[in-house]
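S.K.: To convert, note that position 81 of the sequence shown is 61 in my numbering; the numbers rise steadily by one, no gaps.
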Amino acid sequence: MGPGLGLAVARRFGREGYPIALLSRRTDRHDIYLASLRNDGITAIAVAADITQPDQLHAAVTTTIDELGPIGATYFGPGAALRTYALTVNAALADTGVYAGALVIGGLVERGDIHRHAVAAVGPAAAASLPTLDPDTIAGTAWDLSARQNRPEATFNALG
-19 MGPGLGLAVA RRFGREGYPI ALLSRRTDRH DIYLASLRND GITAIAVAAD ITQPDQLHAA
41 VTTTIDELGP IGATYFGPGA ALRTYALTVN AALADTGVYA GALVIGGLVE RGDIHRHAVA
101 AVGPAAAASL PTLDPDTIAG TAWDLSARQN RPEATFNALG
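(1) What did DSSP end up calling F(-7) once you bin it into helix, strand or coil?
(2) Using the rule of at least 16 other Cβ atoms within 10 Å of the residue's Cβ for burial, across every protein chain shown, is G81 buried or exposed?
(3) Judging by CA-CA distance, which residue of H97, W123, S109 and L110 is the nearest neighbour of L83?
(4) Cα-Cα, which of P115, L2 and A108 is closest to V41?
(5) Residue range of the alpha helix (DSSP H) that I94 falls in?
(6) Measure the alpha-carbon distance for L(-15) versus Y13 and round it to whole angstroms.
(7) Among G21, V78, P104 and G77, whose alpha-carbon lies nearest the alpha-carbon of E90?
(8) Can you round the beta-carbon distance between G87 and P58 to whole angstroms, since I take them to be within the 8 Å contact cut?
(9) Note down, in chain order, each residue of its chain lying with its Cβ closer than 8 Å to the Cβ of R18, except the 5 sequence neighbours on either side.
(10) Can you have a look at R131 and say buried or exposed, based on whether 16 or more other CB atoms are within 10 angstroms of its CB?
(11) Note down the Cα distance separating G156 from D8, rounded to an integer number of angstroms.
(12) Write down every uninterrupted run of the beta strand (DSSP E) in the region -19 to 28 whose length is 3 residues or greater and which is fully enclosed by it, in chain order.
(13) Could you please give the first and the last residue of the uninterrupted alpha helix (DSSP H) stretch that includes I45?
(14) Taking the CB atoms as reference points, tell me whether T43 and V69 lie closer together than 8 Å.
(15) Quick check: what's the CA-CA separation for Y65 versus G92?
(16) Under a Cβ-count criterion, where at least 16 other Cβ atoms within 10 Å of its own Cβ denotes burial, should S109 be classed as buried or exposed?
(17) According to DSSP, which residues form a beta bridge with N137?
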């Protein structure tokens, strides 16, 4: 969970009435993210877990359901590299009411950790000319994919 795309997707889905569970191994920034979401009137909790550890993932899902109710949507940011898997799952589950989609992100996402490091590396003046992607636009498309379920993926290209 990061300050760019992850937080933007959480905010976008939260505005649509979804309660938000922030899940990450590192919890040092959860308070800032929760305050931001709650300031926007979004119900949100934070859960610490390493999803590569089945017991931690199970505990996180159980906590989420106990505190927020049934899970209506899941967003896994690092899973963007799993495009082929998402497309396969989308096709396999098409007639079951379960939707899987992929966001293909080709570029630097504004406000995220990597963007912050890039700006620090080249300086604000040079960073202003870097081609970037708006996380709020990406989050809106993530919502659109989930709500409409009419296509398996959306592609973003910062270079044109």
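Don't be surprised by glycine CBs; every beta carbon is placed ideally from N, CA and C.
M.R.: Result, derived from the coordinates:
(1) helix
(2) buried
(3) W123
(4) L2
(5) D93 to V102
(6) 12 Å
(7) P104
(8) Their Cβ separation, rounded to whole angstroms, is 16 Å, which puts G87 and P58 out of contact at 8 Å.
(9) A24
(10) exposed
(11) Residue 156 falls outside the range modelled here, since the chain spans only -19 to 140, and no answer is possible.
(12) 0 to 4 and 24 to 28
(13) P34 to L48
(14) no
(15) 25 Å
(16) exposed
(17) G86
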